[in-house]
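**Q** The structure is given below, and queries will be raised subsequently.
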Amino acid sequence: MRLLKYIIVILFINTLSYANMKTAFDFKFKNINGGELELSNFKGNTILVTNVASKCGFTNQYEGLQTLWEKYKKKKFVVIGVSSNDFNQELKTKEEVKKFCEVNFGINFPMTDITSVKGEKAHPFYKWVKETHGSQPKWNFYKILISKDGKVMESFSSFTKPNSEKLIKAIEKIL
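Whatever position you read off the sequence shown (first residue = 1), add 11 for this note's numbering.
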């Protein structure tokens, strides 16, 4: 009987996906400034991860993302912009992206180097989100809300503006 219980426990443990045991804090990106942007540095914070692109029709959402960052950062809230060219709307280099964001929108929230967010070449964070939450960016400015314990709470389409009541309520609920 004891052996049977042991076998059942082992089978149960093996059926758990390793991805489901991970949290957002297990991932890191290449920083737009060079070096690494480790999500573990934001443990205990609410994080809004957004894939961004400089030449997209939604690019004006940078302004709203910056406003969210400024409004809530003292409450342990972080916006992370993941620069991506998966939809062929990003500038060619991280230096061009950084300059574009600073000059046009005054962006000072953390940003990544140009990163793939969908398909086979997707960054491991986005593969994890797809596996654990069942969602992935369908376009630029897709938003993923991460709780203070590193779990995906909700995702929002490109059409959801950063200043939308829906997004703000979700952020405030977990702050």
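In this text, a Cβ means the ideal position worked out from N, Cα and C, and glycines have one as well.
Would DSSP call VAL128 helix, strand or coil?
**A** In this structure, VAL128 counts as coil in the three-state DSSP scheme.
**Q** Check whether the segment 148–168 and the segment 90–110 touch, using three or more Cβ-Cβ pairs below 8 Å as the test.
**A** Because the criterion of three Cβ pairs below 8 Å is met, the segment 148–168 and the segment 90–110 touch.
**Q** Output the distance between the C-alpha atoms of ASN25 and LYS82, rounded to the nearest integer angstrom.
**A** Its pLDDT being 49, under 50, ASN25 is placed unreliably by the model, and the measurement read from it follows with that caveat. Taking the straight line joining both Cα atoms gives about 43 Å.
**Q** Could you tell me the distance, in whole angstroms, from the CA atom of PHE170 to the CA atom of ASN71?
**A** Roughly 12 Å separates the two Cα atoms.
**Q** With H, G and I counted as helix, E and B as strand and the rest as coil, what does DSSP make of TYR29?
**A** The pLDDT assigned to TYR29 is 48, lower than 50, so where the model puts this residue is not dependable; a value taken from the coordinates is nonetheless given after this. Correct three-state label for TYR29: helix.
**Q** Could you check the C-alpha separation between ILE185 and SER127 for me, to the nearest Å?
**A** Approximately 28 Å, taken between the alpha carbons.
**Q** Mind reading off the beta-carbon distance from VAL89 to THR61? Whole number of angstroms is fine, and I expect it under 8 Å.
**A** About 11 Å; that fails the 8 Å criterion.
**Q** LEU156 lies in the alpha helix (DSSP H); which residues open and close that run?
**A** Element bounds for LEU156: not the alpha helix (DSSP H) but the beta strand (DSSP E), 154–157.
**Q** Measure the CB-CB distance between THR157 and ILE58 and report whether it falls below 8 Å.
**A** Looking at the sequence shown, residue 157 is not Thr but Ile. Cβ atoms of ILE157 and ILE58: closer than 8 Å.
**Q** Which two residues bound the contiguous beta strand (DSSP E) that contains THR143?
**A** THR143 -> not in any beta strand (DSSP E); alpha helix (DSSP H) instead, spanning 135–144.
**Q** For LEU198, name the three-state secondary structure that DSSP assigns.
**A** Only positions 12 to 186 of the chain appear in this structure, which leaves residue 198 out of reach.
**Q** Looking only at its chain, what residues have a beta carbon closer than 8 Å to the beta carbon of THR123, apart from the 5 residues adjacent to it on each side?
**A** Excluding residues within five positions, the ones whose Cβ falls inside 8 Å are PHE40, LYS41, ASN42, ILE43, LEU48, ILE91, GLY92, VAL93, SER94.
**Q** Residue range of the alpha helix (DSSP H) that PHE116 falls in?
**A** Run containing PHE116: 105–116, per the alpha helix (DSSP H) assignment.
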